[in-house]
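Below you'll find the structure, written out as structure tokens, and then a few comments.
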Amino acid sequence: MKKLISLMLAALLPASLLAGCSSSESGKVKIEFFQNKPEAKSTFEKLAEKFEKENPTIDVVVSTPPDAETVLKTRIAKNDVPDVIGSGLNATFVELAKNGIFADFSNDPQLQNIQPAYVDMIKNLTGLKEVHGIPYSANANGVLYNKALFKELGLTVPKTWDEFIAVADKIKAAGKIPFYHTYKDSWTTLIPFNALASNLPGDQFFKDRESGKTTFRQAYREVAEKQLKLLEYGTKDNFGKGYSDGNAAFAKGESVMYLQGIWAIPEIKKANPNIEIGTFPFPASNDTAKNKLVSGVDTLLTLSAATQHKEESKKFIDFLLKPENVKFYIDEQKVFSSVKGVTQDDPSVSDLKESFQKGLLVDFADHYIPSAMKVDKIVQGFLQKKDMDEYLKTLDTEWNKVQERK
Amino acid sequence: MSKRNTAFYLMTIPAVLLFFAFHTFPAIQGVYYSLTNWNGFSPTYEFVGFKNYVNIFKDENVLNAYIFTFKYAVLTTILVNALSLIIALGLNAKIKFRNFFRAVYFLPNILSILIVGFIFNYIFGHVIPDVAEKMGIEFLKSNILGNENLAWIGIVIVAVWQSVAFNTILYLAGLQTIPSDLYEAASLDGATKWKEFWTITFPLIAPFFTINMVLAMKNNMNVFDHVVAMTGGGPGRATESIAVLIYQGGFTGGEFAYQSANAVIFLFIIVVLTFIQLKFLQKREMEM
Amino acid sequence: MKNKTNWAVTVPIALGSLLILFPLYLAIAVALKSPEELANSILGLPKEFHLENFMRAIEMTNFFQAFQNSAFVTVIAVVFTILTNSMVAYAIARNMDKTFFKSLYYYLISAMFIPFPLIMLPIVKETSALGMNNLFGLSVLYIVYGLSLNIFIYVGYIRSIPRELEEAAIVDGASAWGVFWKVIFPLLSPMNATVGILTCLWAWNDFMLPLIILNDPEMATLPLKQYIFQGQFSTDYNTAFASYLLALSPLVIVYLFAQKWVISGVTKGAIK
């Protein structure tokens, strides 16, 4: 037995030791690109490969861990911040930026090439003068629809909430499913929540809430009512299916519409390459002028403030920001570019172009809600219980609790 | 004699130092952080005294997590112990293919909870609704993991499926310590199987029962992987266990210090619970 | 009564085992089917074996690298856990009358009840400060954290070993070390097998510690890889299940040999 063990050890050791060595191989500089989008893993890997070819002395490791926000936070606790970070503009980014984790890009010439709306979004959320990242791509949170089924049922893209519900009614009357809800994954309940909350009470609400001028109870009843309304047009098992199920089911034409962000399009196309997808802004109200597209920074690129390889890391960011690489990225990912002059021409998202050109955009409401509130769980719980008063009360009490704990 | 003593100290001290360094020391740090407002990543933080503890007692989500955790742990512990004792008795009897069945019943124990969770997720989400659809069983047509009132049962099922294996093996080991002549004597006396179990079998495997109950309860109180793999604590907060709450709130929520305070309270509850359990069960063991 | 098969027990045991086997049957069937076949029948047997699911899973997750990492961590953890933890348990079990050892016993056991999230962030900081955020450091943590449970298991067992056996060796002039290695350690083999298997299962299947301790994606262990790829598999259940089975199979093979050990080992030790 002892012999067996020592043999096994002998067989195992060199392998792992070799694995340890390969990282410090002959003068190459190794930088780590940490990014949080599982959908974009292979696209970034392809770009990193291209970069390595152009820069043979730099080795880029793309890491896309599961539960990326948690991992990033533990990495920071370790004082081992990845060199280059790709992150959504979300509450975690804001918290980390405020704590000085990321480098300052305020004076970076690259910012001149970025559409100012997205740079402002960063400033708005962090409340800082410095800009701690370069917006790379923008997403949109709207309504995906199956073009073939829309044609078959003679439907047109709705512009108001009433039209939207009328479309859903027609689909239901035709014996089809209007929306494939995927509420087993709590974050997907936030898609309609954001569309409604960002448009109806708007972002101003959060400033007023903070200064005590209003409450969720006063401002969110309409949001709650409409959330419940949408539930009537789902499947038999709204809470039993998750995001992946939804992508596959929508790809197969099981539902006519799908409340998702455009980031889901590559996954849907993977399941059915022939599907013709269209996207329209979620019509939250009956006032068409007020219905803005919910859009945020999908990925922003930033550097660790403490990186040992600043030059090489910056070089990689500059490489990613080259128009041809941005184009490659957005073509694969179906997101919008925040770099000036690079446009998204994919037919599946062309309906959104108008909103982008006119600047009819509004940021995700949940970016203003502290992550400790776990608003996704509150919304998911509400959709199960369907008790509006309790829901609004919970939003207020949780908001207060989190503020108190600070 | 004193040389022997030195040797005993030498055997334990290095291990204990390591244990202190990698387990107790970080735990103490955790307790320390619970008195601060550290979010887990900022370079600075302040000392806030017992503020976090006060807030814990005002937090409905904490109470909710305790209710789920207790409900889950008690039911799972009872089911696992009852089932594994029955299975162990069965496997200890003169049955056909005994070794094969033993191997089968132990199998779940070697599978990772994560992967078991993924498999059952698929069963609850696709297989059962699919079959129910075909057979017209209304209440099974939807995924029970998506139902606020039933999701916890789904987690209990997976936990029982998986942990029966280990407890069965421990009981089996206990049963095999019982010399067979004891049973022969009992059968000569004309004792019924039922009486035989309570007068011979159970008292003799009581130490194994203690170990099993304590370990199962402790594991079940810390339930984490099952929840993460299957529901993530949802729907809403219906299956949010204490460990999940501490983890999610503390790390993704950026309330590290606050949830550390929660962990400290949880620690006290678990320790108290265990000592009560040990005392109670060991007393019973003695009485028997 | 002696050699007759007890059918009244065999039948329910057999039926019960179907409950255990069903999810595994399902996993194998799904892993072998094509997506079209799966869509048509979830439960049925696969008509032909789509082994390309496995090839795809190996390629996608870089299976062999992850396998090597898991094997390294598991082997180190098992070997050193058995060697060190049994020794600590022996010293404690034979000195329970002394305050030091008795409090050590309770110290280690009560540590078992410390919720892991309490130490999670501090331990992450500590291991990285010591340069232990790698496979070696991970193995050390398994050996150290195993102490609590293993002491509990070993001490109970060692106390049931009669002291007379040791006393004979002591009369022959053996030191405490000698007594342990020559007399006690061999007697512990059933418990060593149990502890070894428990450690093996834990180190092999754990994903929480690798997730927080390891930075380099190239160091990912098998479960971590499964977790990483859960999102990548999306609804490609065939590849996903093939990948699960690949991750499980090395242990299943080990288990086929070791399960006899556990059961007969425990029995043999218990009779002594």
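Protein chains in written order, with the UniProt record's numbering: chain A, 1 to 406; chain B, 1 to 288; chain C, 1 to 272. Note that CB positions come from ideal geometry on N, CA and C, so glycine has one too.
Query                                                                                                    : Result
Environment of C/Ser41 [buried if 16+ CB atoms lie within 10 Å]                                          : exposed
As assigned by DSSP and simplified to three states, the class of B/Gln248                                : helix
Continuous beta strand (DSSP E) stretch holding A/Gln260: start and end                                  : Ser255 to Gly261
B/Gly30 at chain A interface by Cβ criterion, 8 Å                                                        : no
Residues from the stretch 372-389 of chain A in contact with chain B, defined by Cβ distance under 9 Å   : Ala372, Met373, Lys374, Asp376, Lys377, Ile378, Val379, Gln380, Gly381, Phe382, Leu383, Gln384 and Lys385
Short-range partners of chain A found in the stretch 166-181 of chain B, where Cβ spacing is below 7 Å   : none
Coarse secondary structure for B/Val127, derived from DSSP in three states                               : helix
DSSP-derived helix/strand/coil call for C/Gly146                                                         : helix
Beta-carbon proximity list for A/Met257, same chain, < 6 Å, skipping 5 on both sides                     : Val143, Tyr145, Pro178 and Phe179
Through-space distance from B/Ala257 to B/Gly30, alpha-carbon basis                                      : 8 Å
CB of B/Tyr105 within 8 Å of CB of C/Ser17, strictly                                                     : yes
CB contact check: B/Ala238 to chain C, cutoff 8 Å                                                        : no
Span of the alpha helix (DSSP H) around A/Tyr136                                                         : Where A/Tyr136 is concerned, there is no enclosing alpha helix (DSSP H), although the beta strand (DSSP E) it sits in stretches over Ile134 to Ala138.
Closest residue to C/His50 among C/Phe241, C/Arg159, C/Lys225 and C/Tyr106 (Cα-Cα distance)              : C/Phe241
C/Ala93 burial status per 10 Å Cβ neighbour count (16 or more: buried)                                   : buried
Within the stretch 7-82 of chain C, ranges of the alpha helix (DSSP H) (whole runs, at least 4 residues) : 7-32, 35-40 and 52-61
9 Å Cβ cut-off: residues of chain A touching C/Asn133                                                    : Lys78 and Asp80
Rounded separation between A/Gln384 and B/Asn147 - CA only                                               : 8 Å
Closer than 8 Å to chain A by CB, C/Leu121                                                               : yes
Contact check, A/Leu196 vs A/Ala284, beta carbons under 8 Å                                              : yes
Proximity test, Cβ basis, 8 Å: C/Leu43 and chain B                                                       : yes
Rounded C-alpha distance that separates residue 305 of chain C from C/Lys102                             : An answer regarding residue 305 of chain C cannot be provided, because it is not within the stretch 1 to 272 covered by chain C.
Among C/Ala169, C/Phe207 and C/Ile143, the one whose alpha carbon lies nearest that of B/Pro14           : C/Ile143
Simplified DSSP state of A/Val62, which is helix, strand or coil                                         : strand
Chain B contact residues for C/Ser110, given Cβ-Cβ distances below 9 Å                                   : Val271, Thr274 and Phe275
Pair within 8 Å by beta-carbon distance, A/Lys224 and A/Tyr391                                           : Sequence inspection shows Ala at residue 224 of chain A; the Lys mentioned does not correspond to that position. Yes; because the gap between Cβ atoms is below 8 Å, this pair is in contact.
C/Pro250 vs C/Phe67 beta-carbon contact at 8 Å                                                           : yes
Where A/Ile85 falls, given that 16 or more other Cβ within 10 Å makes a residue buried                   : buried
Interface residues of chain C facing B/Gly250 [CB-CB closer than 7 Å]                                    : Pro117
Cross-strand partners of A/Tyr145 (DSSP beta bridge)                                                     : A/Met257 and A/Gly278
Exposure of residue 422 of chain A, with buried meaning 16 or more beta-carbon neighbours within 10 Å    : The structure shown does not extend to residue 422 of chain A, since chain A spans only 1 to 406, so no value can be given for it.
Exposure of B/Trp194, with buried meaning 16 or more beta-carbon neighbours within 10 Å                  : exposed
Cα-Cα separation, A/Thr70 to B/Val227                                                                    : 17 Å
Straight-line gap, A/Lys164 to A/Pro158 (C-alpha atoms, nearest Å)                                       : Sequence inspection shows Phe at residue 164 of chain A; the Lys mentioned does not correspond to that position. Between A/Phe164 and A/Pro158, the C-alpha separation is close to 5 Å.
Neighbour-count burial assignment, C/Leu45, 16 or more Cβ in a 10 Å radius                               : exposed
Pairwise C-alpha distance: B/Val264 and A/Cys21                                                          : Confidence in A/Cys21 is poor, its pLDDT being 39 and thus under 50, which makes the residue's placement unreliable; the coordinate value appears in the next sentence. Going by the C-alpha atoms only, they are around 41 Å apart.
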